[in-house]
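Q: I am attaching a structure below and will ask some questions about it afterwards.
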Amino acid sequence: MKLTFRDLKQQKFVIEAEPTELISDVKAKIEKEKGWEAAQQKLIYSGKILQDANSVESYKIEEKGFIVCMVSKPKPAPAAAAAPKEPATPAPAASSATPAPPPV
């Protein structure tokens, strides 16, 4: 069956897929055709995010409908994770001053 996709720029493209194919396989086809990394794709049909482990037919996708393909930019590796973590607030210093007498 032919699946029609639209990206966020409203550009249409068509991918051929079997109803029994998994969404992860469809994403791999999109990656091959468009160069968008499968892990960064979110496919949305009829208001639902399509899960990789489910098949095309499980979502009852119609050929006349379209699937929105959102591609998020890969997140850069957090630089802070490599640096040793320091406490955000300094530890309270031990006070050498004598406590104030209680009010009378």
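All you need for the numbering used here is the position in the sequence shown, starting with 1, plus 34. Built from N, CA and C at the ideal position, the CB exists for glycine as well. Quick caveat, the model's predicted, so the values are computed rather than measured.
Can you tell me whether DSSP reads ILE78 as helix, strand or coil?
A: strand
Q: For VAL48, which residues in the same chain have their Cβ closer than 6 Å to its Cβ, ignoring the five residues on either side in sequence?
A: LYS36, THR38
Q: List the endpoints of the continuous beta strand (DSSP E) containing VAL102.
A: For VAL102, the enclosing beta strand (DSSP E) begins and ends at 100 to 105.
Q: Please list, in chain order, all residues of the same chain as LYS63 whose beta carbon is under 6 Å from its beta carbon, the five residues on each side excluded.
A: ILE49
Q: The alpha helix (DSSP H) spanning ASP59 covers which residue range?
A: For ASP59, the enclosing alpha helix (DSSP H) starts and ends at 57 to 68.
Q: Helix, strand or coil for GLU50? Go by DSSP, reduced to three states.
A: strand
Q: Tell me which same chain residues have a C-beta within less than 6 Å of the C-beta of ASP86, skipping the five on either side of it?
A: ILE57, SER58
Q: How many Å lie between ASN88 and ARG40 at the Cα?
A: 20 Å
Q: Does the beta-carbon distance from VAL105 to ALA51 come in below 8 Å?
A: no
Q: If you follow the beta strand (DSSP E) that SER37 is in, where does it begin and where does it stop?
A: Contrary to the premise, residue 37 reads as Leu rather than Ser in this sequence. 36 to 41 is the extent of the beta strand (DSSP E) around LEU37.
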